[in-house]
Amino acid sequence: MSKEIFIKIGLNFLLIISVVVYFVSKNEPTHGAFTGLLLGGVFLSITLSYVWLKIFNQNMTLISLTPIFILGYVVVFFSFATLRLINNEVLDQFEVFVFYDLSRIDTPLSLSTIGLISFLIGVTKRHTVKRLRKKDFSKKYRSKGSIIFIVILAYIIFGVFLMTTPTYMSGVYGVEISSLSNYLFTLFNWLLWSAIILKIFSYSKLEMKNLHFVQYVLSYGYLLLTLIAIYVLMSIYVGDRGPIISISIAIIGFFFARKKTISLTKYLIILILGATVLTVIGDARTRSSGDNFLTRVGGAAELTKTPYFANETFLDPVINLATSERALNHVVLQVPDLYDYHYGLNQFQYLLSVVPGLGGVFFNSVLEGDVRKQGSAMFTSYLIQDGDIKYGDGTSIISDLYLDFGWVGVISIMFIFGRVLSRHERIISTPGQIKILPLIFLIIYFSQSLYLARSALLLEVGTVIMIYMIIKINHLILFRENIQ
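If you read the sequence shown in numbering that gives the first Met the number 0, its first letter stands for residue 0, the second for the next number, and so on.
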């Protein structure tokens with residue numbers, strides 16, 4: 000038996016076990032009886048996939064979409080179960096907050112395992128690299144002037160946004176803003192990411208072994224780099240970690256993925272330090288809006304010294320990421336027993352977001368403003384807060400898919416997602432020709448890979464399409480031709 004067949008049989012066997020555990024725990028409370036079995040299956044499936052990638056995809060690096068997505072997925076869905084397995088008392092302060100029913104913790108855990116293994120089965124697919132016989136458009140974007148119109152427009156839109164959103168300028172995060180401000184901010188992000196992706200596109204066929212990091216960064220141009228610096232500093236000021244993480248992964252991550260110079264030790268050190276710094280930044284936004292920035296950061300730094308549990312654990316730096324498991328714990332144990340599936344309604348609304356404003360029209364006219372149907376995040380908030388929604392509890396990639404399609408949807412869609420990555424992801428770490436639309440998809444999802452597990456899989460589809468349209472228009476204006 001070949002290694003490839005052995006690994007695939009092993010992954011499918013682990014998937015079958017996880018499905019069996021799901022149905023057993025769904026119909027009969029297990030009190031965590033299968034927790035160790037499921038976590039063992041997670042460890043073994045990741046190990047098998049790692050061996051497969053080392054043998055059949057030797058260009059894969061730790062800094063790529065698949066490894067970072069798996070890391071975020073494990074943190075979100077398996078951290079609390081691991082802590083319970085190590086010490087059953089460690090979650091006394093948080094078990095009511097995180098778990099819907101402590102006697103049924105194996106049900107959401109098994110569904111998380113099903114999703115991960117299905118994704119890994121999708122990833123373990125060998126594809127023949129096809130040489131695209133088409134014009135190479137990437138070299139046109141090695142010139143700084145090729146993105147000048149996009150960058151200038153981004154400056155204008157961001158400036159108007161800041162002038163019309165005084166709360167953002169004052170350092171207050173997460174408050175309600177006007178529809179105009181929201182559209183301006185979204186448009187700014189589309190433009191910024193269009194420029195970033197086009198610069199990455201310019202390197203798609205180039206070897207980067209002899210390229211120094213400073214040379215690489217400066218190739219983005221001072222105008223774009225200044226805009227990125229302003230945006231990142233403003234994000235730090237308001238305590239918004241998302242742009243810092245996504246931009247760092249896309250720009251810096253792409254460079255080191257190509258260079259292949261990050262060892263496992265350096266990788267772990269960067270993750271630990273990064274998680275600590277980003278935790279402080281995120282906690283700073285919860286301080287009083289009347290405090291200055293240094294006061295808020297100082298208070299957040301003191302907060303991180305207080306253990307979240309009975310004693311300090313390895314989970315403390317990533318506690319905010321890990322608590323996203325709560326969404327699945329509430330959804331999977333109430334749907335379809337107490338509430339029906341949504342049968343694709345959430346995914347349809349994500350697709351409608353491709354056209355700005357269309358999602359709002361659909362929500363108000365067709366769904367009659369029912370907040371329970373305004374995406375999986377709002378429905379999860381409805382469940383957790385017993386119908387009295389005061390804030391958003393968020394969602395997760397598995398709870399979102401399960402709410403629409405059940406466990407079958409989790410298996411099929413996570414498998415398809417893995418298959419798509421197995422076909423295109425190598426362009427991040429290996430020079431090659433690629434069409435612009437798959438590249439946009441890869442870079443956007445690569446930039447979101449760490450947080451993707453606590454989001455909805457199709458949430459970024461609208462972003463991908465709009466960036467594609469901006470790039471096509473820019474290319475048509477500059478070069479009088481269509482980009483492929």
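Glycine included, every Cβ here is placed at the ideal spot set by N, Cα and C.
Every value quoted in this text rests on a predicted model; they were computed, and no experiment measured them.
- For Leu82, the enclosing alpha helix (DSSP H) starts and ends at Leu64 to Ile85.
- For His423, the enclosing alpha helix (DSSP H) begins and ends at Ile396 to His423.
- For Asn363, the enclosing alpha helix (DSSP H) covers residues Leu357 to Ser364.
- Burial state of Lys434 is exposed, judged by a 10 Å Cβ sphere holding fewer than 16 other Cβ atoms.
- Cβ-Cβ separation between His329 and Tyr99: approximately 5 Å, consistent with a contact (criterion under 8 Å).
- Rounded to whole angstroms, the separation of the alpha carbons of Ile69 and Tyr49 is 11 Å.
- In terms of CA proximity to Tyr342, Val407 leads the group Val407, Val150 and Ser380.
- The alpha-carbon of Val331 is positioned some 18 Å away from that of Gln373.
- Contact between the segment 145-159 and the segment 180-195 is present, with at least three C-beta pairs closer than 8 Å.
- Pairwise C-beta distances place the segment 72-79 in contact with the segment 321-328, as three or more of them are shorter than 8 Å.
- Spatial neighbours of Ser421 in its own chain (CB-CB distance under 7 Å, excluding positions within 5 residues in sequence) are listed in chain order as Gly121, Val122, Lys124 and His126.
- Inter-segment contact for the segment 29-37 and the segment 101-109 is present: three or more beta-carbon pairs are separated by less than 8 Å.
- Ile146 and Leu223 do touch by the CB rule: their CB atoms are close to 7 Å apart, below 8 Å.
- Distance from Ser137 to Phe96 at the Cβ level is roughly 48 Å; contact not present, criterion being Cβ atoms closer than 8 Å.
- For Phe347, the closest C-alpha among the options Gly358, Ala376 and Val19 is that of Gly358.
- DSSP places Tyr140 within a helical segment (H, G or I) once states are collapsed to three.
- In the structure shown, the three-state DSSP call for Met468 is helix.
- One Cα belongs to Ile235, the other to Gly241, and the distance between them is close to 10 Å.
- Annotation: Ala452 to Tyr72 spans about 5 Å, alpha carbon to alpha carbon.
- Using a Cβ distance threshold of 8 Å, Gly114 and Val354 do not count as a contacting pair.
- Listed in chain order, the non-local C-beta contacts of Leu190 below 7 Å within the same chain comprise Ile149, Leu152, Ala153, Ile156 and Ile469, local neighbours out to five positions each way being set aside.
- Between the segment 438-454 and the segment 413-429, the count of C-beta pairs closer than 8 Å reaches three or more; the two stretches touch.
- The alpha helix (DSSP H) runs lying completely inside the segment 14-63 and spanning 4 residues or more are 34-55, given in chain order.
- Cβ neighbours of Thr60 within its own chain (closer than 6 Å, five residues either side excluded): Ala256, Lys259 and Ser428.
- Around the beta carbon of Glu480, fewer than 16 other beta carbons lie within 10 angstroms, which makes this residue exposed.
- Counting only the Cα atoms, Asn181 lies some 47 Å from Gly9.
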